[in-house]
Structures are given as structure tokens and as C-alpha cells.
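Quick mapping for you: the protein sequence lines, in order, are chains A and B.
The working numbering applies: residue 1 is where the first sequence begins, and numbers increase by one.
The working numbering applies: residue 1001 is where the second sequence begins, and numbers increase by one.
The C-beta atom is built at its ideal place from N, Cα and C for all residues, glycine as well.
Each remark here refers to the structure printed beneath this line.
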Amino acid sequence: MDTTLRITSAHAGSSFTARIEKISGQKLLACYQCGKCSAGCPMAAHMDVLPNRMIRMAQLGMQQQLLETKAIWMCVSCLTCNSRCPKGIKIAEVIEALRKAALGGGERNDNLKIMELTPEARSVLPPIATISAMRKLTS
Amino acid sequence: MGNENKPMKLAYYPGCTLKNQATNFDVSTVSSMAKLDVEVEELDRWNCCGTVHALDSDNVMNRVAPITNMIRVKEMQAKTEGMAGEFMTSCAMCYNTLKRANIDVQQRADALETINELLYLEKTKYQGDVEVLHLLEYLRDRVGFDNLAKKVTRPLKGLRVACYYGCLLMRPKEVAFDDAENPTIMENLIRALGATPVEFSHKMECCGAYQTVDKPDVIADRTDRIMGSASEERADLVVVSCPLCAFNLDYRQDDAKRLNPDFNNMPVLYFTQLMALAFGCDEAALRFDLQHIDPLPVLKARGLD
């Protein structure tokens, strides 16, 4: 993904940034890019954009690029990043807000298509897996 | 610990998965508590906790399901002599969701009021006065590991156990009942059972949780790393407190093996199964038949089959 951006005053204080701050209850501008969240993230190897970069993109109001990432769906809210952020930002809450923004786009666009799994694959899953996945990945 | 004649009564929240795939976690919990003279009584009409704590700021609806269970505890307490206003669950995910919802309504009077209004048909109003306990916490603080050790009839001598905590027992720190980065409560329990706890690098690393539903290859990678790190320390088996961790680390070993031919299969048990084993319980309380990777060869090698 091309995330090159020429920063102009238009990127500061975008309505997208404000919306994510409101849904997550977090102050995005507190982040100074130390990268501890990404360094400890157990899912980082499977992400196209790392957590610290997601925060930067949210600060800059890059709504479309951010909501198109695979990474926002890869985060499983293990809260390792939250426990280590020196600025007290709850990164998992921010990523949850990004998922909410992507799922609440007007038309149903679930990330998890559970009926596309084979009946065999579905049958072995414990309820704890199915319920939590539906809660996090569908609207 | 209760006196010899009168067992302690403890309200018990099993959760959905312990009544489905994780029957072994349920029966080993109840059986080992009986050996400790704690009478575990399953809550009447408990409902699913929701499995995950909603992290967004607009979340009152998501607290209703967990809080309904607090009302059930109050109701059971009212009709049971000698029962405290507390309950225990052995599932890490239920513990986390129930505990966080409880803390949330204890801190936000407006949210609690809204929930009580939504639950206007309930005869009992919730006032934030139920305590949520994880079984490990109950064993350490109410039973005591020293007392527990006295009930061991079959010490798990020589068994090398890697204690895997995953995410939900110790994060966030508001719910942690031990050090959030390097807990030792499970190791202390394992030691009381006569086994040898093994330190390994991935004991706090997430297993990938519900990504197992549609991304089994991601879980295979996580399982390869987590079980691999336990294997490097020559563990005989891994113990867990979460049925989702158990599914990923046990069942997804087939996928891990496909991903990495050098992967060594290793059994994954619930900590309650090791307790039940050390207390001399039989297969009906252990249900090793539900394990994907058979633990019997490892136990046999240590003279514990």
C-alpha cells in the first residue's frame, strides 16, 4: 500500500481523527511514535500496517487508507500494546474504533464471512471462538 | 478453608465452552474443588458473558449480559446459607469479561442505572456488590497453596510443566491478580502439586484468539512459536486456563506441523486437570479423551498414567 503523504494543514484536525478519538476515548495526538506497541505486538508479523503507523495515519485523518488495511482486523485486543504505551494510549481501543468505523459504513460489510467456511471447519470451533469473532469482526 | 464437617459453598460460573468442547475443564474444576472441601454450586440460569469486553466508549449494551450474571449470584446468595457475595469461574475469557464489566459499573453509576433500567423485569437490582474471582485467585487466597498441597495424594513428581497465561488473566492490570508482565501464580500451584514449573519465553504471548475461526494459518504460526518455546525448555506439557487458548494450542498443532515439519507435538491440559490428577481423581474427572494431543504417553513416561 502507498502511504506516502504530503502533509498540509488540511490533515490537521480532520473530522475522522475527532471521530476515532470520540469512539475510542483516546487522545491520538499524545502518540510520539516510540514504536513500543508494534515491537510487542504478537500479531505484527501478520499485519500490513503496524500499530504505531495506524495511530500516525489516524492522526493525519487518512480514513480511506486506514479502513482498507488488513491490520485493523488482525488485532485481537490482547492489550499488550496498552500495557506498554509510555503515553498511556490504549491502542487496542483505537483499533477497535477503526473496526467500528469500517463496520458502520451504512451498508453491511462484515469482515468475517462465517457462512463461507466449510461445515467441517465450523463444526470443530468452540463457542468461545465463534462468539468472540462475530463480536469483533461483524456488525 | 472450611472446617472438616462443613464444606464451603462457592457459586460457580462455567461459561459456554465448558458446557461444550471443554467438558474436561468443567468436570476437572468441580471434582478437584470437591477434594478441597469446597462445594461448587453452578449458578442458576447463567448466561453467556459475551466473551469479549467491548472497548469502544459507547458500550452500555455490551455490559448487560455480564451484569445479568451478577444478579444471578445475588439471588443464589440470598437462598443459600453460608454463601458469600462472590462467584468463581475457571475460564480466563469469562473471568476477564465479567470482571471488567463489574469494575466498569462499579465506577460508573450512570451505566449501572441504565442497565438496571433495561433489566426492569428483574426482581433484584444490581448494586455493584458482587466479587468476581478467577479459580486460581480463589485457590491462592481462600484455600491457600499450602493447604492445597496437603490434599495431593499423587505428587506429579518429575513432570515439567510450562504455564501459559495468554492475554486475559493479567491484562489489563485492573483485572490482574498477579504481576501483569511476569505472573507466577500458576507456577506456584504447579509446585504445590509436586510438578516442576518451566520458564519459557512465550508464556504471556497471545495465541491469536478468535482469528482461529477463519485464519487457521495465523494461529498455526502462533502455536508453532508458543509451543516451540515451551519445547525448547524441555517441557512435558503446557497448562492453560482458557478454552480458546486450549483449542488453538492443542487442536491447531496439526496446522503448525504442516507449517513447520520440525514442530514437536506436545499435550495441552487445563491446570484443573493436573490438580484432579494430583488429587487422585479418575478419568471421569480428567476426560483426557477430549485432548487432541494425547497426554498419556508423556504422563506414562513420568510414571503418572
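State the CB to CB distance for the pair residue i and residue j, rounded to an integer number of angstroms; the pair is presumed to be in contact (CB under 8 Å).
i: residue 1087(B); j: residue 1011(B); result: 4 Å
i: residue 93(A); j: residue 26(A); result: 6 Å
i: residue 1163(B); j: residue 1239(B); result: 6 Å
i: residue 1235(B); j: residue 1268(B); result: That pair is no contact at about 11 Å.
i: residue 1167(B); j: residue 78(A); result: 4 Å
i: residue 20(A); j: residue 1244(B); result: The pair is not a contact, with the Cβ atoms about 28 Å apart (cut-off 8 Å).
i: residue 1292(B); j: residue 1224(B); result: About 15 Å; that fails the 8 Å criterion.
i: residue 1231(B); j: residue 1266(B); result: 6 Å
i: residue 1056(B); j: residue 23(A); result: 5 Å
Counting only Cβ pairs nearer than 9 Å, list the residues of chain B close to residue i.
i: residue 124(A); result: 1021, 1247 and 1251
i: residue 43(A); result: 1206, 1208, 1211, 1218 and 1222
i: residue 96(A); result: 1054, 1055 and 1056
i: residue 93(A); result: 1055, 1056 and 1057
i: residue 28(A); result: By Cβ distance, chain B contributes nothing, its closest Cβ being about 14 Å from residue 28(A), past 9 Å.
Starting from the C-beta of residue i, find all residues in its chain whose C-beta is less than 8 Å away, skip the five residues before and the five after it, and write them out in chain order.
i: residue 1103(B); result: 1174 and 1175
i: residue 1019(B); result: 1026
i: residue 1045(B); result: 1072
i: residue 1219(B); result: 1207, 1208, 1211, 1212, 1248, 1252 and 1255
i: residue 1107(B); result: none
With burial defined as no fewer than 16 other Cβ atoms inside 10 Å of the residue's Cβ, what is the status of residue i: buried or exposed?
i: residue 1298(B); result: buried
i: residue 1003(B); result: Residue placement at residue 1003(B) is flagged as unreliable, the pLDDT there being 48, under the threshold of 50; the coordinate-derived value follows with that caveat. Per the 10 Å Cβ criterion, exposed.
i: residue 1061(B); result: exposed
i: residue 7(A); result: exposed
i: residue 34(A); result: exposed
i: residue 1153(B); result: exposed
i: residue 1026(B); result: buried
i: residue 107(A); result: exposed
i: residue 1165(B); result: buried
i: residue 109(A); result: exposed
i: residue 1100(B); result: buried
i: residue 112(A); result: buried
i: residue 5(A); result: exposed
i: residue 1289(B); result: exposed
i: residue 1096(B); result: buried
i: residue 38(A); result: buried
i: residue 1296(B); result: exposed
Note down, in chain order, each residue of its chain lying with its Cβ closer than 7 Å to the Cβ of residue i, except the 5 sequence neighbours on either side.
i: residue 1197(B); result: 1161, 1163, 1187, 1190 and 1191
i: residue 1070(B); result: 1102, 1126 and 1130
i: residue 43(A); result: 74, 75 and 76
i: residue 82(A); result: 90, 91 and 92
i: residue 1184(B); result: 1178
i: residue 1015(B); result: 1049, 1089, 1091 and 1094
i: residue 1068(B); result: 1047 and 1119
i: residue 17(A); result: 28, 58, 59 and 61
i: residue 1124(B); result: 1071, 1074 and 1075
i: residue 100(A); result: 23
Find the residues of chain B that neighbour residue i, judging by a C-beta separation of less than 8 Å, and give them in chain order.
i: residue 87(A); result: Per Cβ cutoff of 8 Å: no residues; residue 87(A) is ~16 Å from chain B at best.
i: residue 11(A); result: The premise fails here: residue 11(A) is roughly 24 Å from chain B at the closest Cβ pair, so nothing lies under 8 Å.
i: residue 23(A); result: 1056, 1057 and 1058
i: residue 100(A); result: 1056
i: residue 112(A); result: 1213 and 1214
Who are the Cβ neighbours of residue i in its own chain at under 6 Å, not counting the five residues just before and after it?
i: residue 125(A); result: none
i: residue 1033(B); result: 1040
i: residue 1029(B); result: 1090 and 1272
i: residue 1111(B); result: 1060 and 1105
i: residue 172(A); result: No statement about residue 172(A) is possible, as the shown extent of chain A runs from 1 to 139 and does not include it.
i: residue 1158(B); result: 1302
i: residue 1136(B); result: 1185
i: residue 138(A); result: 110 and 112
i: residue 1217(B); result: none
i: residue 1017(B); result: 1243
By the criterion of Cβ-Cβ separation under 7 Å, what are the contact partners of residue i in chain A?
i: residue 1017(B); result: 126, 127 and 128
i: residue 1169(B); result: Under the 7 Å cutoff, chain A gives no residues; its nearest Cβ is about 12 Å from residue 1169(B).
i: residue 1051(B); result: 128, 131, 132 and 135
i: residue 1155(B); result: Result: empty, since nearest Cβ-Cβ is about 32 Å, beyond 7 Å.
i: residue 1180(B); result: 83
Using a Cβ-Cβ distance under 7 Å, would residue i count as near chain C?
i: residue 135(A); result: Among the protein chains in the structure shown, which are A and B, there is no chain C.
Under 8 Å Cβ-Cβ, which residues of chain A neighbour residue i?
i: residue 1098(B); result: By Cβ distance, chain A contributes nothing, its closest Cβ being about 14 Å from residue 1098(B), past 8 Å.
i: residue 1093(B); result: 128 and 132
i: residue 1014(B); result: Under the 8 Å cutoff, chain A gives no residues; its nearest Cβ is about 12 Å from residue 1014(B).
i: residue 1243(B); result: 126 and 128
For residue i, return the contacting residues in chain B, with the cut-off set at a CB-CB distance below 7 Å.
i: residue 76(A); result: 1206, 1208, 1209, 1210 and 1211
i: residue 82(A); result: 1172
i: residue 117(A); result: 1214
i: residue 79(A); result: 1167, 1171 and 1172
i: residue 67(A); result: Per Cβ cutoff of 7 Å: no residues; residue 67(A) is ~15 Å from chain B at best.
Can you name the residues of chain A whose CB is closer than 9 Å to the CB of residue i?
i: residue 1048(B); result: 127 and 131
message: Runs of 4 residues minimum, wholly inside the stretch 1110-1180 of chain B: which ones carry the alpha helix (DSSP H) assignment?
response: Complete alpha helix (DSSP H) runs here, min 4: 1135-1138 and 1145-1150.
message: Threshold first: 4 residues or longer. Then list the alpha helix (DSSP H) segments lying entirely within the stretch 1198-1284 of chain B, N to C.
response: Listed in chain order, the complete alpha helix (DSSP H) runs (minimum 4 residues) inside the stretch 1198-1284 of chain B are 1216-1232, 1243-1246, 1253-1259 and 1271-1278.
message: Ignoring anything shorter than 3 residues, give me the beta strand (DSSP E) runs that lie fully in the stretch 55-118 of chain A, in order along the chain.
response: Listed in chain order, there is nothing to give.
- prompt: What are the complete alpha helix (DSSP H) segments, minimum 4 residues, inside the stretch 1069-1117 of chain B?
  reply: Taking 4 residues as the shortest admissible run, the stretch 1069-1117 of chain B contains the following complete alpha helix (DSSP H) segments, listed from N- to C-terminal end: 1092-1107.
message: If we require 3 or more residues per run, which beta strand (DSSP E) segments fall completely within the stretch 1023-1048 of chain B?
response: List check, beta strand (DSSP E) in window: 1038-1042.
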